[in-house]
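Presented below is the structure to which this report refers.
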């Protein structure tokens, strides 16, 4: 339990030390950044199968049953999200050793990267709303700077647009917290959940819920709050695109929304219908916008919107099976979408091009990138035995079981359209005849390849998480933390 603060302290401490250490040696930022993310990943793996842990910062105990001070909470849902953040974070930091050499200052990159990691970990373990907001802003502000890290016109424009939309989202969330505090008189999420159980659902609580839906919906880029994502994700350096699409929109968007709607407020029937509608809209619009794109990274960005629709729709259905499928797809999407953006970065690194119409035959010059891209493409399209197939299958079965046959049909249709879109990527980028201009192209450097192979292996092997034994230790515990709803209050407050 005393290790919980290290999830924030390690990246935060190193982030402040990195500019100084970067002056001592050019190797130190890479070494320390990767050691930090590896340590965080190992720490999260050690938390699997652990009971609900509550760390009271400063040792402040409740007074007359009312919690005071800051609570850090790790339950099944938090463990799942921490694994996503820190395992993908390690793969991306390993990839960055070679990729970020073409940028000016690696020490500053790792400073911002670790600040973003600290913010995301803080959001996941926060037990009160205000600290969740503070950590959310730490992660968001670091991500604004990382999108603009190359300082080209396209990157600066995308970062500005992202910042404006992100600031609007933060304003919605902050106002929602203020309304919530006026209703409950507490910022502790477990205590607020207890008070809402006693008071019942009021108009003020519904208004706060709407504000949270808009704010976290913007952070997660759910339709119709998606406008910033197609510009921000393609413009950022490839490692940051992987973190934004694979991790950030989940940690400060989907996870936070899920925690508040299920564990604090309780999912109402109205909220359930809204989530299902937004999820279905995101799935359909995202895939149709993606299929017409020729910019590789922009195509991947639109698919992030579409795939997050699966997760939101599954959470809206609200049955134990759908929640399990939604959380599993959240985990799977982090893996294959991060891999796809790293693949695109390898292609840009070797060719300087991301226009699919100008590519062709790159498998001959970049076999590791091509093979791992094929694995990721089949995963996101839901082709067995890759990980995306299993989570999509669970979501479709859950929709049928709950009687939402239309949503099940939409999920199948979108998966077919996704397959068509990624067959286009494979056909135009990696298969076919090698163009003369790419005959001197080379495979990505070794650390970039190792990172891509690591994620490709995860895409192949993550279906094993459904095997009895593994399933109970991770996915079932996360799904139970969500579907048990306001039992979160009893776990945290010990009642």
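In the working numbering, the protein residues as written are 1331 to 1825. Every residue, glycine too, gets a C-beta built ideally from N, C-alpha and C.
How many Å lie between residue i and residue j at the Cα?
i            : j            : result
residue 1520 : residue 1699 : 46 Å
residue 1332 : residue 1585 : 23 Å
residue 1373 : residue 1403 : 15 Å
residue 1807 : residue 1736 : 29 Å
residue 1568 : residue 1802 : 34 Å
residue 1788 : residue 1367 : 17 Å
residue 1337 : residue 1370 : 6 Å
residue 1563 : residue 1529 : 42 Å
residue 1502 : residue 1577 : 22 Å
residue 1689 : residue 1765 : 7 Å
residue 1429 : residue 1378 : 32 Å
residue 1719 : residue 1660 : 13 Å
residue 1636 : residue 1668 : 15 Å
residue 1617 : residue 1390 : 49 Å
residue 1572 : residue 1598 : 33 Å
residue 1442 : residue 1575 : 17 Å
residue 1464 : residue 1763 : 51 Å
residue 1820 : residue 1457 : 13 Å
residue 1452 : residue 1570 : 19 Å
residue 1608 : residue 1508 : 25 Å
residue 1628 : residue 1588 : 27 Å
residue 1793 : residue 1804 : 13 Å
residue 1489 : residue 1341 : 23 Å
residue 1591 : residue 1649 : 14 Å
residue 1446 : residue 1472 : 5 Å
residue 1642 : residue 1656 : 7 Å
residue 1826 : residue 1615 : Outside the shown range of the chain (1331 to 1825) lies residue 1826, about which nothing can therefore be said.
residue 1398 : residue 1639 : 37 Å
residue 1438 : residue 1460 : 28 Å
Looking only at C-alpha atoms, which of the options sits nearest to residue i?
i            : options                   : result
residue 1777 : 1411, 1362, 1332 and 1425 : 1425
residue 1812 : 1449, 1723, 1409 and 1607 : 1409
residue 1418 : 1740, 1756, 1387 and 1671 : 1671
residue 1693 : 1741, 1548, 1757 and 1685 : 1757
residue 1741 : 1726, 1752 and 1749       : 1726
residue 1622 : 1755, 1818, 1681 and 1512 : 1755
residue 1513 : 1528, 1534 and 1501       : 1534
residue 1483 : 1714, 1743 and 1565       : 1565
residue 1551 : 1632, 1669, 1422 and 1820 : 1632
residue 1673 : 1421, 1594 and 1360       : 1421
residue 1644 : 1715, 1629, 1809 and 1353 : 1809
residue 1859 : 1709, 1770, 1728 and 1780 : As shown, the chain starts at 1331 and ends at 1825. That puts residue 1859 outside it, with no answer to give.
residue 1783 : 1738, 1704, 1739 and 1796 : 1704
residue 1781 : 1665, 1351, 1515 and 1334 : 1665
residue 1583 : 1411, 1676, 1684 and 1334 : 1411
residue 1686 : 1433, 1752, 1524 and 1360 : 1752
residue 1494 : 1416, 1634 and 1561       : 1561
residue 1822 : 1353, 1351, 1396 and 1361 : 1396
residue 1323 : 1436, 1526 and 1470       : The structure shown does not extend to residue 1323, since the chain is modelled only from 1331 to 1825, so the question has no answer here.
residue 1702 : 1790, 1739, 1620 and 1466 : 1790
residue 1448 : 1363, 1773, 1381 and 1491 : 1363
residue 1400 : 1334, 1728 and 1474       : 1334
residue 1722 : 1696, 1663, 1750 and 1706 : 1663
residue 1546 : 1467, 1523 and 1474       : 1467
Assign residue i to buried or exposed, taking buried as 16 or more other Cβ atoms, counted over all protein chains shown, within 10 Å of its Cβ.
i            : result
residue 1746 : exposed
residue 1760 : buried
residue 1601 : buried
residue 1715 : exposed
residue 1383 : buried
residue 1767 : exposed
residue 1431 : exposed
residue 1359 : buried
residue 1681 : buried
residue 1603 : exposed
residue 1634 : buried
residue 1675 : buried
Who does residue i pair with in a DSSP beta bridge?
i            : result
residue 1456 : 1402
residue 1365 : Answer by DSSP bridge pairing: none, since residue 1365 is not bridged.
residue 1625 : 1685
residue 1332 : The partner list for residue 1332 (beta bridge, DSSP) is empty, contrary to what the question assumes.
residue 1518 : 1458
residue 1396 : 1393
### Message
Quick check on the DSSP output: what are the complete alpha helix (DSSP H) runs of length 4 or more inside the stretch 1442–1506, in order along the chain?
### Response
1459–1477
### Message
Runs of 4 residues minimum, wholly inside the stretch 1338–1386: which ones carry the alpha helix (DSSP H) assignment?
### Response
Fully enclosed alpha helix (DSSP H) runs of 4 or longer: 1358–1376.
### Task
Identify every run of the alpha helix (DSSP H) within the stretch 1554–1583, keeping only runs that are complete inside it and at least 4 residues long; order them along the chain.
1559–1565 and 1568–1573
### Task
Jot down the residue ranges of each uninterrupted alpha helix (DSSP H) in the stretch 1646–1698, minimum 4 residues, whole runs only, in chain order.
You should have 1650–1681.
### Task
Please go through the stretch 1768–1815 and give each complete alpha helix (DSSP H) segment of 4 or more residues, from N-terminal end onward.
1776–1791, 1800–1803 and 1805–1813
### Task
Identify every run of the alpha helix (DSSP H) within the stretch 1715–1772, keeping only runs that are complete inside it and at least 4 residues long; order them along the chain.
Counting whole runs of 4 or more residues, the stretch 1715–1772 contains the alpha helix (DSSP H) stretches 1717–1731 and 1735–1755.
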